[in-house]
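Following: one structure in structure tokens, then a few remarks.
In this note's numbering, the protein residues as written are 129 to 541.
So, in structure tokens, the structure goes:
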């Protein structure tokens, strides 16, 4: 089933880079323009230049963020900023953080995974019994990590290099009958498949030994207590107060609508009650609405049978049960009349992983309306994947994100 391989990792040279916090970033797709600028300023060798380069008005097919990224990579390799290991290794990654006043450590494995078409159903969920990561933890017991730092949020990141071929074989054998599930990065995996196809079609010397037959993945047990899913609250622009007033009225045909009016004096108390009520209805397909300059929080709870009645012939039950599907298909598309182009327009839609950030973005006027969601449950994600289906876009926010720049690989020989 799953092919797991060690690799000669490309890492920042500790002799050149004193603090890994200066050169690593979150994944490119959760970096805001302001964050991008801050990472550029933080260090001249920050990985932001490789994963999310700045666009210029003068960009051409020969000079653009992608070509400049390649140039930075070649330059840093030649200068010894980045160094490739001489031996193939597996990399054990840990991140220790505080969630709800409790310290949690999540472990994961960075390794090459053999590319397989989705129809082969290799890239699906697997309930790891903890054996693989336990093997790796024992392998690094009492040894110092090769990378150890704290990021701006206080999260501690550690990386161990495992060179023992016997451990490599043990892990590969243990994973051979497993099916992997892409919890985050479905489009990255598709890109890896497309890149391999491009090389197959254009390079006569392409063989099964080519690095592009593999993709670098971070593997984590679905049962790991450190694997937390946060919601991706929706933030919309170009939605008027009248649009939202009418939408809420129309929504009463499909939802039970609860109103939480507030004044400046009791805003904090009412907001807490509103969010507590949303949390209490986590299993009832419920979400909140808050519009700019509105003195009311709205809580919409789906009426029984609505999604089955409207979408039974169109969507699988596992997808109909998702809060994100209810919000997108029923409220955004049916009630507000948005099409897919409108929903994909990143100039008009944003996301926040915490309710505080979402509500604040409305208060400041950065966005017009926020839709506050409960997090998707891991068993919902698993059910969708087991049926060979794809989760809706931005239906999960796995936390904390794995840092970019800890360990890299090359897809070229």
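In this text, a Cβ means the ideal position worked out from N, Cα and C, and glycines have one as well. All figures in this text were calculated on a predicted structure; none of them were measured in a lab.
Counting only the same chain and skipping the five closest in sequence on each side, list residues whose C-beta sits under 6 Å from that of residue 222. Contacts found: 233, 235 and 286.
Leaving aside the five residues before and after residue 147 along the sequence, list all residues of the same chain whose C-beta is less than 8 Å from its C-beta, in chain order. 277
Is the segment 428-439 close to the segment 457-464, with three or more CB pairs under 8 Å? yes
Pair every Cβ in the segment 201-213 with every Cβ in the segment 130-147, then say whether three or more of these pairs are closer than 8 Å. Here the segment 201-213 lies against the segment 130-147, with 3 or more beta-carbon pairs under 8 Å apart.
Name the DSSP bridge partner or partners of residue 358? 525
Between the CA atoms of residue 202 and residue 415 - distance to the nearest angstrom: 48 Å
At 4 residues or longer, what runs of the alpha helix (DSSP H) sit wholly inside the segment 287-314? 293-303
Round the Cβ separation of residue 367 and residue 497 to the nearest angstrom and send it over; I've been treating them as touching at under 8 Å. 5 Å
Hey, residue 237 and residue 537: beta-carbon distance below 7 Å or not? no
Answer with buried or exposed for residue 341, where buried requires no fewer than 16 other C-beta atoms within 10 angstroms of its C-beta. buried
Hey, would you say residue 224 sits closer than 7 Å to residue 307, going by beta carbons? no
Rounded to a whole number of angstroms, what is the C-alpha to C-alpha distance between residue 491 and residue 325? 47 Å
Under the three-state DSSP convention, the category residue 276 falls into: strand
DSSP beta-bridge partners of residue 557: Examination of residue 557 is not possible in this model, given that the chain is present from 129 through 541 alone.
Local conformation of residue 478 per DSSP, three classes: strand
By the 10 Å Cβ neighbour count, where 16 or more other Cβ atoms means buried, how is residue 362 classified, buried or exposed? So residue 362 ends up on the buried side.
Backbone CA spacing between residue 432 and residue 388 [nearest angstrom]: 23 Å
Terminal residues of the alpha helix (DSSP H) in which residue 234 lies: Residue 234 -> not in any alpha helix (DSSP H); beta strand (DSSP E) instead, spanning 230-242.
Specify the secondary structure class of residue 148 as computed by DSSP and reduced to three states. helix
Any idea what DSSP makes of residue 464, helix, strand or coil? coil
Using the rule of at least 16 other Cβ atoms within 10 Å of the residue's Cβ for burial, across every protein chain shown, is residue 245 buried or exposed? exposed
Taking residue 434 as the reference, which of 207, 242, 144 and 384 has the closest Cα? When the alpha-carbon of residue 434 is set against those of 207, 242, 144 and 384, the nearest one is in 384.
Just curious, the alpha helix (DSSP H) that residue 227 is in, first and last residue? Premise fails: residue 227 lies in the beta strand (DSSP E), 218-227, not in any alpha helix (DSSP H).
Can we say the segment 290-298 touches the segment 150-167, given the rule of at least three CB pairs closer than 8 Å? no
What separation, rounded to the nearest whole angstrom, lies between the Cα atoms of residue 173 and residue 532? 13 Å
Specify whether the segment 503-520 and the segment 348-364 touch according to this definition: at least 3 beta carbon pairs, one from each stretch, less than 8 Å apart. Segments in contact, yes.
From 522, 262, 155 and 187, residue whose alpha carbon lies closest to that of residue 175: 155
Express the C-alpha separation of residue 334 and residue 322 in angstroms, rounding to a whole number. 14 Å
Per DSSP, what kind of secondary structure is residue 435 in: helix, strand or coil? helix
What residues in its chain sit with their C-beta under 7 Å from that of residue 208, if we drop five residues either side in the sequence? Shown here for residue 208: same chain residues with a beta carbon closer than 7 Å to its own, the five before and five after excluded, namely 141 and 144 in chain order.
For residue 231, which of 534, 516, 303 and 528 has the nearest alpha-carbon? 528
Taking just the CA atoms, how far does residue 151 sit from residue 530? 14 Å
Can you tell me whether DSSP reads residue 400 as helix, strand or coil? helix
Alpha carbon to alpha carbon, how far is residue 262 from residue 281? Whole-angstrom Cα-Cα distance: 27 Å.
Below 8 Å on the Cβ atoms is my contact criterion, and I expect residue 299 with residue 268 to pass it. Report the Cβ-Cβ distance as a whole number of Å. Contact flag wrong, Cβ pair sits at about 13 Å.
Three or more C-beta pairs below 8 Å linking the segment 368-379 and the segment 461-471: yes
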